[in-house]
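Protein sequence lines correspond, in order, to chains D and S.
Just so you know, we're using the numbering used here here: the first sequence kicks off at -9 and counts up by one.
Just so you know, we're using the numbering used here here: the second sequence kicks off at -9 and counts up by one.
Backbone N, C-alpha and C fix where the C-beta goes; we use that ideal spot for every residue, glycine too.
Take a look at the structure below.
2 protein chains.
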Amino acid sequence: MEELAHPYVPRDLKLPGYVPISMSMSSIVTIYLGSSLLVVFLVWLLFGRKKAKVEKLLMCWWAFTGLTHIILEGYFVFSPEFFKDNTSCYLAEVWKEYSKGDSRYAGRDSAVVSVEGITAVIVGPACLLAIYAIAKEKSYSYVLQLVISVGQLYGCLVYFITAILEGDNFATNSFYYYSYYIGANGWWVLIPSLISFRCWNKICAAANNNVEIKTKKKTR
Amino acid sequence: MEELAHPYVPRDLKLPGYVPISMSMSSIVTIYLGSSLLVVFLVWLLFGRKKAKVEKLLMCWWAFTGLTHIILEGYFVFSPEFFKDNTSCYLAEVWKEYSKGDSRYAGRDSAVVSVEGITAVIVGPACLLAIYAIAKEKSYSYVLQLVISVGQLYGCLVYFITAILEGDNFATNSFYYYSYYIGANGWWVLIPSLISFRCWNKICAAANNNVEIKTKKKTR
């Protein structure tokens, strides 16, 4: 049986049984962004009157990133043969398309699968818990958001460093390299950094308050 | 030139220029444990009178793990050819010996190098900062310890999951598998888990106190 040529780099990557992508890039991206916007809109609507703006934005982020982790990345982790899919399943199409930016997904690189596994199974559900924690003003709200964000940053570090160590040659061309590999992942470096910074400061402020109260009690 | 046989598994691992280990296992372990005990003893002595027992223990842990990360793991990260070392350099001997438990170190597996790189360059110095934070009772003491511990746990997860995905066949025999690979790393799962749990609780308690104070102020 002649093997169908895949569009990924390195060109010698073996993908026996590869079935070409059937959806267009614009359809794949539109469905992802459209359904993400719908999620954000629903979360905003649901908590619209009760919460401050920054908290609503955070809940939208946790809903968006949590569902991305669980659904998209969860599918990848548990579908080692997504590149053979011939049913035009949307989730398989997403990863066939994304692999143009990083062929380690199609090639099942163990570092990528590990990070994605941790992200889908542990980080994803924790993101949904963060929505609940913010909504109910739980005492663990900031510390949970910090821990998740640190996990996301650690995952991104492993993701980028392993690529560099393995030659950083996994993108079909520089358009996919900068839009998918750098551009899409960049948000998961930027936003978790901002959230970590905010939560760190909030936690330190609470600790400081506590010390002040204890000192006051002592000096009375 | 005939290649010297290495003791690592898988047997087909290529290590051109390999120089056999010259120190005995007992010497390597004794020097590591001896110098670690010295560090612990010095930290205990230095803060002996001023701190509660649990805080002294934590400072000892941060000194031990921080120096292990920076010196031992730092050497590994920046010495890709340690297995060629013929000077009986102690740090090279450590990694020649440890590779019997996990040959991915000698084989320069990119996931292992990534995790060790993050550990040596970011986590290690952060551990030393944690000693200072505890000593000076900084407001960021608990949150720093939590972030470091979460990083260590994430690193261990990537370390173990990548090994499983790659076939879990990197130990010379089951003695090295259980003593080095499982036994030695087990401490970096157990202790960071305990510290994370403690810091999480401390941070939540402080957050709870803050909420109570605010509520009291409002109801006055």
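query	result
Test item: CB-CB of residue 152 (chain S) and residue 100 (chain D) under 8 Å	yes
Residue 94 (chain D), buried or exposed, once every other Cβ within 10 Å from all chains shown has been counted against 16	buried
Same chain, Cβ closer than 7 Å to residue 192 (chain S), neighbours up to 5 away in sequence not counted	132
Backbone secondary structure at residue 188 (chain S) - three-state DSSP	helix
Rounded C-alpha distance that separates residue 86 (chain D) from residue 88 (chain S)	39 Å
Element boundaries [alpha helix (DSSP H), containing residue 152 (chain S)]	131 to 155
Beta-carbon proximity of residue 34 (chain S) to residue 121 (chain S), cut-off 8 Å	no
Contact belief for residue 105 (chain D) with residue 148 (chain S) at Cβ below 8 Å, rounded distance in angstroms	7 Å
Classification of residue 201 (chain S) by the beta-carbon crowding that lies within 10 angstroms, buried from 16 upward	exposed
Beta carbon proximity, residue 12 (chain D) to chain S, threshold 8 Å	no
Cβ-Cβ distance between residue 91 (chain S) and residue 171 (chain S) below 8 Å	yes
Contact the segment 106 to 118 of chain S vs the segment 17 to 25 of chain S: 3+ CB pairs below 8 Å	no
Contacts around residue 222 (chain D), its chain only, beta-carbon distance under 7 Å, and the 5 residues preceding and following it disregarded	Coverage of chain D is limited to positions -9 through 210, which leaves residue 222 (chain D) absent and any answer about it impossible.
Under 8 Å (Cβ pairs) to chain D, residues found in the segment 82 to 96 of chain S	none
Between the CA atoms of residue 142 (chain S) and residue 190 (chain S) - distance to the nearest angstrom	15 Å
N-terminal and C-terminal residue of the alpha helix (DSSP H) that residue 42 (chain D) is part of	No alpha helix (DSSP H) contains residue 42 (chain D), which DSSP labels as neither H nor E.
Which listed residue (S:73, S:37 and S:205) has its alpha carbon closest to that of residue 4 (chain S)	S:73
Neighbour flag for residue 209 (chain D) against chain S, beta carbons, 8 Å	no
Three-state class that DSSP yields for residue 37 (chain S) in the structure shown	coil
Contact list for the segment 132 to 158 of chain D against chain S, Cβ threshold 8 Å	132, 133, 136, 137, 140, 141, 144, 145, 147, 148, 151, 152, 155 and 156
Sufficient close CB pairs (3 or more, under 8 Å) joining the segment -8 to 1 of chain S to the segment 170 to 185 of chain D	no
Backbone secondary structure at residue 200 (chain D) - three-state DSSP	helix
Residue nearest to residue 155 (chain S) in terms of C-alpha spacing, selected from D:139, D:67 and D:159	D:67
Rounded separation between residue 197 (chain S) and residue 197 (chain D) - CA only	8 Å
Residue nearest to residue 31 (chain D) in terms of C-alpha spacing, selected from D:41, D:19, D:54 and D:96	D:54
Backbone CA spacing between residue 102 (chain D) and residue 63 (chain D) [nearest angstrom]	11 Å
Buried versus exposed call for residue 75 (chain S) [16 or more other C-beta atoms within 10 Å across all chains shown]	buried
Residue 206 (chain S) in three-state terms, based on DSSP	helix
Local conformation of residue 161 (chain D) per DSSP, three classes	coil
Residue 96 (chain D) beta carbon less than 8 Å from that of residue 59 (chain D)	no
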